[in-house]
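Quick note on numbering: the sequence shown equals residues 14 to 175 in the working numbering.
The C-beta atom is built at its ideal place from N, Cα and C for all residues, glycine as well.
Here the structure comes first, spelled out in structure tokens, and everything after it is commentary.
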Amino acid sequence: KYEKIWLIFGLGSLILFLAIIGFAAFYKGTHPQSHIETIDPQNIEANENFKPENLGLTKVEEGKYVVNIVASAFNYDLGIDEKGKRVNKIRIPKGSKVLFQITTKDVVHGFNVAGTNVNMMVEPGHISRYETTLKNTGEFTIVCNEYCGLGHHLMFGTVEVY
Ligand code: CUA
């Protein structure tokens, strides 16, 4: 007799939990990253977004930009400028919609544009994406907020919104 009660209780709580998860997922929009795209960390350049010439800031259309970044210990690769110098700073007009796409060659890194809502974990074999509208002007420092080795504190870059 008691087994039956417990069985019903167990099933009941299972249904309740599923209902809560379902509610959270559908009504509140809290769910894991919807499309997790994978990438071969040994051959990042095979992905169009991460070919050397496509790294850094690209204007898609008026007010819309894409920033492709390859993280590695201990650097964010934002491509090179016309003079062949490594880019460490990107400049984006205020109010632009920006899609950040980032992956890593080696270990887990962080990608946090301090002072904005851009804050991602970058895992080997995956592409992290985040789209945002940059509403405030200023210089924002890109920092790595996942400990990735001895040079962790040296990983940084700058996003200037003007
Ligand atoms: Cu990269 Cu810490």
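May I ask you to check if the CB of residue i is nearer than 7 Å to at least one heavy atom of ligand 1?
i, result
"Glu159", "yes"
"Ala84", "yes"
"Phe113", "no"
"His139", "no"
"Met168", "yes"
"Phe5", "The chain is shown only over 14 to 175; residue 5 falls outside these bounds and no answer can be derived."
With distances taken Cα to Cα, identify the nearest neighbour of residue i among the options.
i, options, result
"Tyr175", "Gly162, Ile105, Glu144", "Ile105"
"Gly138", "Thr116, Thr154, Gly128, Asn132", "Thr116"
"Leu147", "Leu163, Asn158, Asn130", "Asn130"
"Ile140", "Asn60, Glu66, Asn125, His166", "Asn60"
Beta-carbon within less than 6 Å of residue i's beta-carbon, same chain only, minus the 5 sequence neighbours each way: which residues are those?
i, result
"Asn101", "Gly170"
"Glu136", "Val121"
"Gly92", "Leu68, Gly69, Val100"
Please work out which residues of its chain come closer than 8 Å, Cβ to Cβ, to residue i, disregarding the five sequence neighbours upstream and downstream, and give them in chain order.
i, result
"Glu173", "Lys102, Ile103, Arg104, Ile105, Gly151, Glu152, Phe153"
"Tyr78", "Leu70, Thr71, Lys72, Ile105, Ser109, Lys110, Val111, Leu112"
So with Cβ pairs under 8 Å, would you call residue i a contact of chain B?
i, result
"Phe113", "Reference to chain B is not applicable here, since this structure consists of a single protein chain."
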